[in-house]
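Structure first, then comments.
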Amino acid sequence: MNQNKVTELLKNYRSYRYAISNGISPHQQDDISGMPMGGGYGSRPPMGFGGRGTILSSLMDYQQYRRVVSLIDGAVQEVLDDEENSVIELKYLARNTLTLALIAKRKGLSEKTVGTIHKRALNKLTLAFTFVDAPEIINLDEVMGFK
């Protein structure tokens with residue numbers, strides 16, 4: 002995986018995380034044993050959209066998104082040092098992302114220093130994500146027939 006793909010994964014992280022926390026498509030209301038699952042049970046595998054998708058394809062999308070979110074969470078926490086983690090969080094993972102210039106201002110560092118930290122973090126993440134493919138983000142307008 003190259004740095005452009007890593008950047009794409011990081012930029013789409015919040016979308017991936019939202020998709021898995023909301024099941025990508027409607028949830029199954031019962032687990033395999035037929036027992037109802039409460040709302041606090043955590044994210045659940047999705048069901049298909051009737052005639053617009055299959056349970057298998059929805060489940061495969063869900064598993065791929067979940068894997069990528071888990072890998073990003075793990076790599077950012079385990080591979081990066083505190084400075085690198087902070088820059089990546091502020092640049093890509095925060096709700097309100099910042100430019101490198103704003104990160105530099107917030108941290109009281111030069112833009113060059115923050116740029117170096119950012120580049121070092123991307124290099125480490127590129128190595129960590131060597132065998133990861135970026136999942137395609139599903140356009141729900143097309144799935145739901147709005148287009």
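For the sequence shown, this note's numbering assigns the number 2 to the initial residue and increments by one for each residue that follows. Every residue, glycine too, gets a C-beta built ideally from N, C-alpha and C. Bear in mind the structure is a predicted one, so any value in this text is a computation, not a measurement.
Per-residue DSSP class, three states only, for Arg96: By 1-based counting over the sequence shown, the position of residue 96 is 95. Looking at Arg96 - three-state DSSP - the assignment turns out to be coil, as it is neither helix nor strand.
Segment limits, alpha helix (DSSP H) that includes Glu9: If you number the sequence shown from 1, residue 9 lands on position 8. Here the alpha helix (DSSP H) through Glu9 covers 4-22.
Cutoff 6 Å; reference Leu91; Cβ partners in own chain excluding five residues on either side: For this step, residue 91 is matched to residue 90 along the sequence shown. If the five residues before and after Leu91 are omitted, its C-beta is found closer than 6 Å to the C-beta atoms of Leu99, Ile104, all from its own chain and listed in chain order.
Whole-Å CB distance - Tyr14 paired with Tyr63, under 8 Å assumed: If you number the sequence shown from 1, residue 14 lands on position 13. If you number the sequence shown from 1, residue 63 lands on position 62. Rounded to the nearest angstrom, the Cβ distance from Tyr14 to Tyr63 is 16 Å, too far for a contact under 8 Å.
Short Cβ contact (8 Å threshold) for Ala129 with Val80: Walking along the sequence shown from the start, residue 129 turns up at place 128. Walking along the sequence shown from the start, residue 80 turns up at place 79. Note that the C-beta distance between Ala129 and Val80 is below 8 Å.
Exposed unless 16 or more other CB atoms sit within 10 angstroms - verdict on Pro27: Reading the sequence shown from its first residue, position 26 is the one you call residue 27. In this predicted model, Pro27 has a pLDDT of only 44, less than 50, meaning its place in the structure is not dependable enough to derive any value.
Terminal residues of the alpha helix (DSSP H) in which Val152 lies: Shown here, the chain extends from 2 to 148; a query on residue 152 therefore has no answer.
Contacting residues, own chain, Cβ-Cβ under 8 Å from Asp82 (five flanking each side not counted): Here residue 82 is taken as the residue at index 81 of the sequence shown, counted from 1. Within the same chain, and ignoring the five residues on either side of Asp82 in sequence, no residue has its Cβ closer than 8 Å to its Cβ.
Chain-order list of residues whose beta-carbon lies under 6 Å from that of Leu73 (same chain, five-residue window excluded): Numbered from 1 along the sequence shown, position 72 holds the residue referred to as residue 73. Note on identity: in this sequence residue 73 is Ile, with Leu being the wrong assignment. Scanning its chain for C-beta atoms nearer than 6 Å, with the 5 sequence neighbours on each side dropped, one finds around Ile73 the residues Tyr14, in chain order.
Alpha-carbon spacing of Glu84 relative to Ile118, whole angstroms: In the sequence shown, the residue the question calls residue 84 occupies position 83. In the sequence shown, the residue the question calls residue 118 occupies position 117. Roughly 7 Å separates the two Cα atoms.
Among Tyr19, Ser87, Tyr17, the one whose alpha carbon lies nearest that of Arg107: Along the sequence shown, one-based indexing puts residue 107 at 106. Comparing Cα positions, the closest option is Ser87.
Three-state secondary structure (DSSP) of Thr127: Stepping through the sequence shown from its first residue, residue 127 is reached at position 126. Here Thr127 sits in helix by DSSP.
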